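Undergrad:
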Amino acid sequence: SQQGEEDPQALSIQEGENATMNCSYKTSINNLQWYRQNSGRGLVHLILIRSNEREKHSGRLRVTLDTSKKSSSLLITASRAADTASYFCATEGVMGGATNKLIFGTGTLLAVQP
Amino acid sequence: KAGVTQTPRYLIKTRGQQVTLSCSPISGHRSVSWYQQTPGQGLQFLFEYFSETQRNKGNFPGRFSGRQFSNSRSEMNVSTLELGDSALYLCASNHEFTDTQYFGPGTRLTVL
Chain E
29 SQQGEEDPQA
39 LSIQEGENAT
49 MNCSYKTSIN
59 NLQWYRQNSG
69 RGLVHLILIR
79 SNEREKHSGR
89 LRVTLDTSKK
99 SSSLLITASR
109 AADTASYFCA
119 TEGVMGGATN
129 KLIFGTGTLL
139 AVQP
Chain P
2 KAGVTQTPRY
12 LIKTRGQQVT
22 LSCSPISGHR
32 SVSWYQQTPG
42 QGLQFLFEYF
52 SETQRNKGNF
62 PGRFSGRQFS
72 NSRSEMNVST
82 LELGDSALYL
92 CASNHEFTDT
102 QYFGPGTRLT
112 VL
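Protein chains in written order, with our numbering: chain E, 29 to 142; chain P, 2 to 113.
#1: Report the neighbours of E/Gln-61 on chain P: residues whose CB is nearer than 9 Å to its CB, in chain order.
#2: With distances taken from CA atoms, which of P/Leu-82, P/Pro-9, P/Ser-66 and P/Ile-13 is nearest P/Ser-34?
#3: What are the boundary residues of the beta strand (DSSP E) that includes E/Tyr-115?
#4: Output the residue ranges of the beta strand (DSSP E) runs that lie fully inside the region 36 to 101 of chain E and measure 3 residues or longer, sorted by chain position.
#5: May I ask you to report which of helix, strand or coil DSSP gives P/Ala-93?
#6: List in chain order: all unbroken alpha helix (DSSP H) runs of 4+ residues lying wholly within the region 55 to 96 of chain P.
#7: When you compare the CB positions of E/Leu-39 and E/Thr-134, do they come within less than 8 Å of one another, or not?
#8: Can you tell me where the beta strand (DSSP E) holding P/Lys-14 begins and where it ends?
#9: Thinking just about the alpha-carbon of each residue, which of E/Ala-113, E/Ala-47, E/Arg-64 and E/Val-91 is nearest to the one in E/Ile-77?
#10: Looking only at its chain, what residues have a beta carbon closer than 6 Å to the beta carbon of P/Glu-53, apart from the 5 residues adjacent to it on each side?
#11: Could you pull the DSSP bridge partners for E/Leu-138 from this structure?
#12: So with CB distances below 9 Å, who are the chain P contacts of E/Glu-3?
#13: Determine the extent of the beta strand (DSSP E) in which P/Gly-43 is found, giving its start and end residues.
This is the structure in structure tokens:
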């Protein structure tokens with residue numbers, strides 16, 4: 029399967045704590061994106077990191093990318109109950125021309141306890 | 002700008018029937034991609050359309066097809082429905098000069 033792997037599958041933390049999720053993928057990529065999904069609804073785009081970038085920040089989110097290890101991590105700092113959701117990484121592979129084909133990871137279910 | 006809209010939001014069909022789902026991308030976006038999400042297989046790419054042409058296709062049987070209209074709206078069709086087609090179908094649109102894909106709320110299809 030081309031699907032990426034995410035670790036852990038589930039994570040439960042207290043409000044105010046930090047949450048770290050990891051993603052591994054299999055092929056060379058143009059970019060890697062993180063998405064959030066609440067209870068089987070649509071996906072909300074969080075952050076995009078390109079293959080030539082190593083770290084990116086957006087508000088309470090910090091994403092790192094290690095292309096040599098084909099892995100990425102998402103850190104959510106000072107978590108809130110509203111952060112409770114499933115988080116997915118998605119990669120866009122290197123292909124001739126534009127693709128817009130995302131390969132998704134298996135997802136991490138984050139539960140933030142108030 | 003309005004976001005990506007998908008209709009209908011929920012659909013119940015029986016085996017053997019066919020179904021058509023619709024997706025309207027964000028204004029100005031010419032690319033529309035479709036994904037299937039199931040508990041067992043996760044999120045999987047179906048196909049992508051750009052300027053009315055299918056540009057990419059995932060590993061799904063020929064029962065799954067799609068098209069895109071001149072206003073960039075897209076439809077996907079599933080013929081001869083099977084129980085395993087029960088899923089959340091998501092479409093995403095993106096501008097040709099950016100890589101970010103914006104997803105709609107999805108259509109929940111249940112096949113009985």
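Glycine is no exception: its CB is placed at the ideal position from the N, C-alpha and C atoms. Every value quoted in this text rests on a predicted model; they were computed, and no experiment measured them.
TA: Let me spell this out:
#1: Within the first sequence, residue 61 of chain E is the residue found at index 33, counting from 1. Those within 9 Å of E/Gln-61 in chain P are Asp-100, Thr-101 and Gln-102.
#2: Looking up residue 34 of chain P in the second sequence gives position 33. Among P/Leu-82, P/Pro-9, P/Ser-66 and P/Ile-13, the Cα nearest to that of P/Ser-34 is on P/Ser-66.
#3: Within the first sequence, numbered from 1, the residue matching residue 115 of chain E stands at position 87. Its beta strand (DSSP E) spans residues 113 to 121.
#4: 38 to 42, 47 to 52, 57 to 65, 71 to 78, 83 to 86 and 89 to 94
#5: As a first step, residue 93 of chain P is located in the second sequence; it is residue number 92 there, counting from the start. Strand at P/Ala-93.
#6: none
#7: As a first step, residue 39 of chain E is located in the first sequence; it is residue number 11 there, counting from the start. As a first step, residue 134 of chain E is located in the first sequence; it is residue number 106 there, counting from the start. No, Cβ-Cβ distance for E/Leu-39 and E/Thr-134 is not below 8 Å.
#8: One-based indexing of the second sequence puts residue 14 of chain P at position 13. 11 to 14 is the span of the beta strand (DSSP E), which, as asked, contains P/Lys-14.
#9: One-based indexing of the first sequence puts residue 77 of chain E at position 49. E/Ile-77 has its Cα closest to that of E/Val-91, out of E/Ala-113, E/Ala-47, E/Arg-64 and E/Val-91.
#10: As a position in the second sequence, residue 53 of chain P is number 52, starting the count at 1. Here the set comprises Gln-69.
#11: On the first sequence, residue 138 of chain E is found 110 positions in, with the first residue counted as 1. Partner(s): E/Leu-39 and E/Ala-113.
#12: An answer regarding residue 3 of chain E cannot be provided, because it is not within the stretch 29 to 142 covered by chain E.
#13: Stepping through the second sequence from its first residue, residue 43 of chain P is reached at position 42. Annotation: the continuous beta strand (DSSP E) that includes P/Gly-43 extends over 43 to 51.
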